[in-house]
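Numbers in the working numbering are just positions in the sequence shown, counted from 1, shifted up by 222. So the structure is just underneath, and the comments pick up after that.
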Amino acid sequence: MSRDFVVVLRGYNRAEVDQVVALAEEALASGNSVSQAAARTAISEAGFSVALRGYDRGEVDQELARLLEKLG
């Protein structure tokens with residue numbers, strides 16, 4: 223993952239976020255429209271669990287919005 227998020231006391235589950243962000247970044251790198259559509263769906267449908275020592279929710283939400291914009 224190319225983005226490091228701040229870890230907070232109660233934030234999004236890190237493994238779940240890492241999986242979705244990695245999928246989106248791989249789709250962007252591939253240039254494949256089918257992969258990009260799948261990544262857009264994964265981001266749109268993501269419902270991350272809240273966990274102790276998770277990623278800052280605001281940062282993650284901003285990054286996902288940025289990725290969605292890049293994915294078209």
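Even glycine gets a Cβ: it sits at the ideal position worked out from N, Cα and C. Given the structure is predicted, the values throughout are model-derived calculations rather than measurements.
Beta-carbon proximity check, residue i vs residue j, cutoff 8 Å
i	j	result
residue 251	residue 293	no
residue 231	residue 265	no
residue 270	residue 291	no
residue 225	residue 242	no
residue 245	residue 259	no
residue 205	residue 272	One cannot answer for residue 205 here, as it falls past the ends of the chain, which runs 223 to 294.
Beta bridge counterpart(s) of residue i as assigned by DSSP
i	result
residue 229	277
residue 242	In the DSSP output, where bridge partners are listed per residue, residue 242 has none listed.
Buried or exposed by the 16-neighbour rule on C-beta atoms within 10 Å, applied to residue i
i	result
residue 280	exposed
residue 212	Only positions 223 to 294 of the chain appear in the structure, and residue 212 is not among them; the question remains open.
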